[in-house]
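Undergrad: Here it is: the structure, laid out below.
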Amino acid sequence: MTLVEDLFSSQDYRPAPEAVGWDPLKEDDALEDTQLLDSRVCPTANRAALLFDMRTASYYPTGNAALLVVRGLRSFSWSGAPQSRKLMAFSVTSSRPSEAAGGGLRLELEFFPDGKFSVEGEHADFYLLDVHGIPEAPPGYPGHDLDQVRHGLPGWGSACTVLESSSTGGGAA
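The structure is reproduced here in structure tokens:
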């Protein structure tokens, strides 16, 4: 059994049996309509990760979650206006991968209602996941707090199967 956390903490890229069809590490707007759920930064291991809910995704008919891991981390930045609600779905409206100055990957994301994110590193891995035990549709957020909806969301401790993957290369970090 693989946990989402294992994919983040692993030193090496773990290829899936299938290559990802619509690759967010290479193609603009491949993450459109996905929802950013959480992120992690681990300076000690020199990496960061973004956890997405894929149940609202435009371009992925399979998979209910995705993890993007950036290794050889150079920068990690979030900006957005404070939100008045306890919980807010941040839906990707734009995703733009590009080559970073000096090599590596830079990924810029924009969100509705109001958010911008960028990350840059030596290389990145993308995993399309089937997280076990969550419903087919994301939970409703209005009037709830995170503890009330957590069971319906992919999380770091979720058991999963890697369905598809891609990498910009450089297996160990």
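Start counting the sequence shown at 31; every next residue gets the next number (the working numbering).
Glycine residues also receive a C-beta, built at the ideal position from the N, C-alpha and C atoms.
Leaving aside the five residues before and after F186 along the sequence, list all residues of the same chain whose C-beta is less than 6 Å from its C-beta, in chain order.
TA: Reading off the sequence shown, one finds Trp at residue 186, where the question assumed Phe. Closer than 6 Å at Cβ, skipping near neighbours: V34 and E35.
Undergrad: Taking P172 as the reference, which of Q113, D155 and V192 has the closest Cα?
TA: Of Q113, D155 and V192, the residue nearest in Cα terms is Q113.
Undergrad: Mapping the DSSP letters down to three states, classify L117 as helix, strand or coil.
TA: L117 falls in the coil class under three-state DSSP.
Undergrad: So is A96 in contact with chain B if we call contact Cβ pairs under 8 Å?
TA: Within the model displayed, chain B is absent; a lone protein chain is all it includes.
Undergrad: Quick check: the Cα distance between L159 and C190, rounded to an integer number of angstroms?
TA: Within the model, the alpha-carbon separation for L159 versus C190 is close to 6 Å.
Undergrad: In chain order, what residues of the same chain have a beta carbon less than 6 Å from the beta carbon of A87, not counting five sequence neighbours either side?
TA: D63 and T64
Undergrad: Following the continuous alpha helix (DSSP H) through E35, name the residue where it begins and the one where it ends.
TA: V34 to S39
Undergrad: Taking Cβ positions, are R126 and R101 nearer each other than 8 Å?
TA: no
Undergrad: Does DSSP put G185 in a helix, a strand or coil?
TA: coil
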